[in-house]
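Engineer: Residue numbers (this note's numbering), protein chains in the order written: chain A, 1 to 433; chain B, 1001 to 1432. Backbone N, C-alpha and C fix where the C-beta goes; we use that ideal spot for every residue, glycine too. Quantities reported herein were computed from a predicted structural model and do not represent experimental measurements. My structure is below; once you've seen it, I'll send some questions.
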């Protein structure tokens, strides 16, 4: 239905304003650097060129690191437009003078979501969509296991969800460092890592973006951490899954910007205008895309059950610090590998023993205090909150191949030592043989 | 007696194995055949990722395994044209640019292997895109002229006749002698099963075979893939699509598919851009994609339509049963009867559908009978729902009415059917 409405709207719009002469020739090509999937970009190409037959859009596909290298070059690889879900890149490139100001209708595009700034205040890049983070759940599987749907990040630390959860590996799945940073910003650095360690303890770790949702859809897990469009696409295609946005989550933007070096300013602005128009924004909600527009009026034709982030209760949204969020992913990726992926089986056994002991010693204050300390040690991370918020510290981890191996070895040893202490503490509660 | 029992068990096991998949209509073309073992399931997943992956211009930190796009190309990935593994869409009538299609180009004569002689300036097909710094070759544009066809009961059906032209040709005019053929991206499920059908069973059909060149063996081989049956197997079909559509070389096609005059094509690495492991994974992915199961089998109209399908001669070419001979991904399917509704052979389809271009032993009016399985789900997954080799038919009725040549009598018979019987035939086709 939504598709029909969108198509009808396009047909009407273009028949009135933009009907091209038959056989009109393309005489200008704009180059758009993007990492959006081809099914989506082809859809935009077709609809945009239908209304602008004199402009041809050429997509150059690059993910974050490659795009940063290319767009930082003096000639910017010939790019006219950068359109991608990579907030850190946009901030970095803006600071390097890579973008020129674009015109935006601020009445229609607030550039903010609650207290969170989505777009560049100076107009050098604009939010195109927002993607939410949370849980994809299989309600039947939850019901079969006698579980209620979690509502907060920390609900997933509860032992009842152990072995029911799937999580993406930060170094393998592009969206997951941001997901874990939202947990860390919501819960606090140390408590957040403890929570991640505890929920990951007996979880299944997966190495592709679609895999967590697939695991839930296929009944291999009742719950998984995910970015929302994977879950929404699965739901729209008939899977019995639902997306849950926990309290204090965040919706992070993808952006669009025009390069400083663009030689096709009017054509590039036309393409950007189309991306940000009501019709352009509706396109992203189609069944196999299911992304959330940054333009509130586009939700008037949203699919049934599709969340409007501009209408969510305040408790859903964390005031996400995008400045820190843009700089932390390399460190989070590194620490996730060290503290969660490496020794995962050993960690799972430790958390299982801690959870078993918590049940056994529920009324024993002294034992519970020891177990609290064991949990702190099991989820220990060898980086302080202060360092993790310091720009100079974070810059040391921007390139993984430049990290001192001795540093890594030291962190690995500290994590191992903390885990050994945690195991000893749990063991000390067991009766002597 | 013991031997009979073993045979019976084998037959029962074979009969129990499912080659089709059921599931949401929107996901019908992306499911693997049941029961792939761990190795084949892993290869299927890897191949799926490669099929979806956009190729990049190197060097790349993010995707070093997917470097080598272009210098000329149609799209960045396989999935861009084979949307959800279904068919592509015909060009918009508004500006007519062919996107999920390939415009094949050749000139008079044959190449050293008996195939079409490629265009001296543009190569085997027009590639509209070029990497930055290299001008794309131009666009194929389709314009349509509508005309009405009357049915015997007075109803009319509007058909559209496409005319292909080219614009923004960056490397000079194509020349008046150039032969062109616009080809829509076909669905890619069920192809592994078709690959497994024995040559002898295909050759027993009523159509004409196309014998083509096998790059791997250097032999003249039965062609069974491609709209003119011009490819002998999936590996060659897929490797050819990589080099022609994305500019990705492989062990089978180690040279960029460009005209000899295009120096852009002879720069860069000499090693194949698609590794053997990547090619194998994509071949295994396509090989393992299951066709969708039929639906509404108990509907009386579907049953009547199936009888009509045979009575008016559709099944002469759209052969309803073939057999799996040797299917290495799932040996339990060996011997199973499948229902793709194709004979994998060439037929003269008349002047209306002719592209005027030879392709090995396929003549200018010849097309390979396309499989009809999954037909009723076309367009349900977000893929195109435009039929025939160039997507000119917007409905199944239009597609039937375009049939000429050897299929003229069937199209005439359809035209003369009363409406309820036409509807029954369409109900049957939509059940596939």
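From the DSSP output, in three-state form, read off residue 423 of chain A for me.
Structural biologist: Note: residue 423 of chain A maps to helix in three-state DSSP.
Engineer: Residue 1343 of chain B bridges to which residues according to DSSP?
Structural biologist: In the DSSP output, where bridge partners are listed per residue, residue 1343 of chain B has none listed.
Engineer: Answer with buried or exposed for residue 1111 of chain B, where buried requires no fewer than 16 other C-beta atoms within 10 angstroms of its C-beta.
Structural biologist: The residue is exposed, with fewer than 16 neighbouring Cβ atoms inside 10 Å.
Engineer: Would a check of beta-carbon distances place residue 63 of chain A closer than 9 Å to chain B?
Structural biologist: Yes, residue 63 of chain A lies at the interface with chain B (some Cβ there is under 9 Å from its Cβ).
Engineer: Is it true that the region 171-187 of chain A meets the region 233-250 of chain A, where meeting means three or more beta-carbon pairs spaced less than 8 Å apart?
Structural biologist: Yes, the region 171-187 of chain A is in contact with the region 233-250 of chain A.
Engineer: Which residues of the region 37-59 of chain A have a Cβ closer than 7 Å to any Cβ of chain B? Give them in chain order.
Structural biologist: Of all residues in the region 37-59 of chain A, 38, 39, 42, 46, 49, 50, 53, 58 and 59 have a Cβ within less than 7 Å of some Cβ in chain B.
Engineer: I'd like to check one pair, residue 1248 of chain B with residue 1273 of chain B: are the Cβ atoms closer than 9 Å?
Structural biologist: For residue 1273 of chain B and residue 1248 of chain B, yes; Cβs fall inside 9 Å.
Engineer: Measuring alpha carbon to alpha carbon, tell me which of B/1077, B/1190, B/1423 and B/1432 ends up nearest residue 1375 of chain B.
Structural biologist: Comparing Cα-Cα distances from residue 1375 of chain B to each of B/1077, B/1190, B/1423 and B/1432, the minimum goes to B/1432.
Engineer: Name, going along the chain, the residues of the region 282-299 of chain A whose beta-carbon falls closer than 9 Å to a beta-carbon of chain B.
Structural biologist: Residues passing the 9 Å Cβ filter: 286, 287 and 288.
Engineer: Just checking: is the beta-carbon of residue 1416 of chain B within a distance shorter than 9 Å of some beta-carbon in chain A?
Structural biologist: So no, residue 1416 of chain B is outside the interface.
Engineer: Return the CA-CA distance between residue 1262 of chain B and residue 1169 of chain B, expressed in angstroms with no decimal places.
Structural biologist: Approximately 14 Å, taken between the alpha carbons.
Engineer: For a test of the three-state rule: what should DSSP assign to residue 1018 of chain B, helix, strand or coil?
Structural biologist: The answer is coil: DSSP assigns residue 1018 of chain B none of H, G, I, E or B.
Engineer: Please identify the residue among B/1363, B/1359, B/1342 and B/1341 whose C-alpha is closest to the C-alpha of residue 1351 of chain B.
Structural biologist: The option with the nearest alpha carbon to residue 1351 of chain B is B/1363.
Engineer: Report the residues of the region 234-249 of chain A with a CB closer than 7 Å to any CB of chain B, ordered along the chain.
Structural biologist: Answer in chain order: 237 and 238.
Engineer: When burial is assigned at 16 or more other CB atoms within 10 Å of the CB, is residue 325 of chain A buried or exposed?
Structural biologist: Flag for residue 325 of chain A reads buried.
Engineer: For residue 1228 of chain B versus residue 1368 of chain B, is the C-beta distance shorter than 9 Å?
Structural biologist: Taking 9 Å as the Cβ cut-off, residue 1228 of chain B and residue 1368 of chain B qualify as a contacting pair.
Engineer: Closest Cβ-Cβ distance between residue 119 of chain A and chain B: below 9 Å?
Structural biologist: Closer than 9 Å: no.
Engineer: With a 10 Å radius around its C-beta and 16 neighbouring C-beta atoms as the bar for buried, classify residue 1095 of chain B as buried or exposed.
Structural biologist: By the neighbour-count rule (16 or more Cβ atoms within 10 Å), residue 1095 of chain B is buried.
Engineer: Among the residues of its own chain, which have a CB less than 6 Å from the CB of residue 1264 of chain B, if the five just before and after it don't count?
Structural biologist: Here the set comprises 1071 and 1134.
Engineer: Around the C-beta of residue 1266 of chain B, are 16 or more other C-beta atoms found within 10 angstroms, so that it is buried, or is it exposed?
Structural biologist: That one is exposed.
Engineer: Based on the DSSP secondary-structure assignment, which residues constitute the bridge partners of residue 165 of chain A?
Structural biologist: In DSSP, residue 165 of chain A forms a bridge with A/223.
Engineer: For residue 22 of chain A and chain B, any beta-carbon pair shorter than 9 Å?
Structural biologist: Residue confidence for residue 22 of chain A is low, a pLDDT of 39 falling below 50, so the modelled location carries little weight; the figure read from the coordinates is stated next. Yes, contact with chain B.
Engineer: Apply the 10 Å Cβ neighbour rule to residue 1196 of chain B and answer buried if 16 or more other Cβ atoms are within range, or exposed otherwise.
Structural biologist: Burial call: buried.
Engineer: Report yes or no: is there a C-beta of chain B within less than 9 Å of the C-beta of residue 27 of chain A?
Structural biologist: Interface residue, yes.
Engineer: Can you find a CB in chain B that lies within less than 9 Å of the CB of residue 69 of chain A?
Structural biologist: Interface residue, yes.
Engineer: Can you pull the chain A residues whose beta carbon is under 9 Å from the beta carbon of residue 1156 of chain B, in chain order?
Structural biologist: By Cβ distance, chain A contributes nothing, its closest Cβ being about 24 Å from residue 1156 of chain B, past 9 Å.
Engineer: Which residues in the same chain as residue 1141 of chain B place their Cβ atom closer than 8 Å to its Cβ, once the five residues preceding and following it in sequence are excluded?
Structural biologist: Once the five neighbours on either side are set aside, the close Cβ partners of residue 1141 of chain B are 1091, 1095, 1096, 1097, 1098, 1164, 1165, 1166 and 1167.
Engineer: Ends of the alpha helix (DSSP H) at residue 322 of chain A?
Structural biologist: Counting along the chain, the alpha helix (DSSP H) containing residue 322 of chain A begins and ends at 322-327.
Engineer: So, are the CB atoms of residue 58 of chain A and residue 32 of chain A less than 9 Å apart?
Structural biologist: Yes, the pair counts as a contact, with Cβ atoms nearer than the cut-off.
Engineer: Using CA atoms only, rank isn't needed, just tell me which of A/370, A/396, A/316 and A/163 is closest to residue 114 of chain A.
Structural biologist: Ranking A/370, A/396, A/316 and A/163 by Cα distance to residue 114 of chain A puts A/316 first.
Engineer: What does a CB cutoff of less than 7 Å around residue 123 of chain A pick up in its chain, not counting 5 residues either side in sequence?
Structural biologist: Within the same chain, residue 123 of chain A has close Cβ partners 101, 102 and 104.
Engineer: Counting only beta-carbon separations shorter than 9 Å, does residue 1020 of chain B have a partner in chain A?
Structural biologist: Judged by the 9 Å Cβ criterion, residue 1020 of chain B is not in contact with chain A.
Engineer: How many angstroms separate the CA atom of residue 132 of chain A from the CA atom of residue 228 of chain A?
Structural biologist: The straight-line gap from Cα to Cα measures roughly 5 Å.
Engineer: Just the Cα atoms here: how many angstroms apart are residue 342 of chain A and residue 410 of chain A?
Structural biologist: Cα to Cα, residue 342 of chain A sits roughly 14 Å from residue 410 of chain A.
Engineer: Which residue wins for smallest C-alpha separation from residue 1030 of chain B, given the options B/1040, B/1079 and B/1152?
Structural biologist: The candidate whose alpha carbon is nearest that of residue 1030 of chain B is B/1079.
Engineer: Between residue 1115 of chain B and residue 1410 of chain B, what straight-line distance do the alpha-carbon atoms span, to the nearest angstrom?
Structural biologist: In a straight line, the C-alpha of residue 1115 of chain B is about 31 Å away from that of residue 1410 of chain B.
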